[in-house]
Amino acid sequence: MFTGIVEELGEVVHLTDAGGDSAVLAVRGPLVTSDAAHGDSISVNGVCLTVIDNVDGVFTADVMGETLRRSSLGVLRPGGQVNLERAATVGSRLGGHLVQGHVDGVAQIVAREPADQWEVLRFSLPPELSRYVVEKGSITVDGVSLTVMAVTADTFEVGLIPTTLKLTVLGGKTVGDPVNLEVDVIAKYVEKMLGDRS
Numbered sequence: 001m002f003t004g005i006v007e008e009l010g011e012v013v014h015l016t017d018a019g020g021d022s023a024v025l026a027v028r029g030p031l032v033t034s035d036a037a038h039g040d041s042i043s044v045n046g047v048c049l050t051v052i053d054n055v056d057g058v059f060t061a062d063v064m065g066e067t068l069r070r071s072s073l074g075v076l077r078p079g080g081q082v083n084l085e086r087a088a089t090v091g092s093r094l095g096g097h098l099v100q101g102h103v104d105g106v107a108q109i110v111a112r113e114p115a116d117q118w119e120v121l122r123f124s125l126p127p128e129l130s131r132y133v134v135e136k137g138s139i140t141v142d143g144v145s146l147t148v149m150a151v152t153a154d155t156f157e158v159g160l161i162p163t164t165l166k167l168t169v170l171g172g173k174t175v176g177d178p179v180n181l182e183v184d185v186i187a188k189y190v191e192k193m194l195g196d197r198s
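Numbering (full-length UniProt numbering), first residue to last: 1 to 198.
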């Protein structure tokens with residue numbers, strides 16, 4: 001479980017084909033690796049990955065085909081930046097919202113509108129996810145917990161403050177770039193429970 005508060009920008013060292021439809025991802029992140037052990041969870045652009053090795057500030061993780069198909073991790077290249085967050089611990093602050101690190105879909109940035117001190121980003125909204133996205137609700141974009149400012153049938157908007165622009169990959173993304181989306185898990189559970197009522 002994560003909170004959607006990015007701890008550091010990591011650097012992709014490599015994404016190597018591991019045979020079949022899997023890969024091995026290596027990421028440099030001195031902060032998140034400072035206490036990372038084999039089997040720990042680290043969110044990489046919103047995708048929960050399991051640490052295999054941690055050597056000199058670089059951790060590696062296996063990425064299975066399902067993850068490559070349902071996220072944008074497959075387009076990562078050496079030298080690129082990624083949002084990193086360690087799993088939350090019992091008693092840690094919940095600064096964002098409950099984030100599982102289970103990507104629901106991939107969207108694209110369709111517009112960026114700069115203001116004096118902040119920026120509005122508009123994203124495409126996959127049809128199968130639109131029912132879970134509500135104005136003033138929470139959504140995770142590339143692992144960042146954000147509040148939805150506006151939503152239509154096929155887009156949603158968020159506002160990014162200077163800190164988010166500076167300390168996450170969202171500050172450097174351009175129109176057309178893919179992003180990982182995770183909708184609020186509570187909405188999915190509510191839908192499931194209401195759907196099962198007779």
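The beta carbon of each residue, even a glycine, is placed where N, CA and C say it ideally should be.
All of these numbers come straight from a predicted model, not from anything done at the bench.
DSSP bridge partner residues for residue i (one or two, in chain order)
i, result
"L9", "N83"
"N54", "F59"
"G19", "S22"
"S41", "T50"
"T155", "S124"
"L181", "G105, V141"
"L160", "E119"
"V27", "V12, F59"
Option in the options with minimal Cα separation from residue i
i, options, result
"T3", "G91, G171, E113", "G91"
"T140", "N83, A115, V110, R93", "N83"
"D53", "N45, T67, A37", "A37"
"P178", "A61, D56, S124", "S124"
"P114", "F59, G19, V158", "V158"
"T89", "E135, V63, D35, R131", "D35"
"I186", "S71, R93, R69, V134", "V134"
"V99", "D17, G195, D62, N45", "N45"
"D62", "L94, P78, D17", "D17"
Close Cβ partners of residue i (< 8 Å) along its chain, the five nearest in sequence each way excluded
i, result
"P162", "Q117, W118"
"N174", "Residue 174 is actually Thr in this sequence, not Asn. Result list for T174: I109, R112, in chain order."
"S71", "N45, G46, V47, V103, V106, N180"
"A150", "E135, F156, E157"
"T152", "L125"
Chain-order list of residues whose beta-carbon lies under 6 Å from that of residue i (same chain, five-residue window excluded)
i, result
"L129", "D104, G105, V183"
"C48", "S41, G101"
"L15", "A23, L25, L76"
"S43", "F2, E85, G101, G143"
"E191", "none"
"L94", "T3"
"P78", "V12, H14"
Sequence-distant residues of the same chain with beta carbon closer than 7 Å to residue i, five excluded per side
i, result
"S7", "Looking at the sequence itself, residue 7 is Glu, so the reference to Ser does not match. If we look at E7 and ignore the five residues flanking it on each side, its Cβ neighbours are L31, V32, L84, E85, R86."
"G96", "T3, G4, I5, S145"
"K188", "Y132"
"T155", "V110, R122, F123, S124, L125"
"T67", "V47, L73"
"G137", "V148, D184"
Whole-number beta carbon distance between residue j and residue i, since they are thought to touch under 8 Å
i, j, result
"G176", "I109", "7 Å"
"V13", "R28", "6 Å"
"L121", "L181", "About 13 Å separates the two Cβ atoms, so there is no contact after all."
"Q81", "G10", "7 Å"
Runs of alpha helix (DSSP H) wholly within the region 62 to 150 (minimum 4 residues, chain order): 65 to 70
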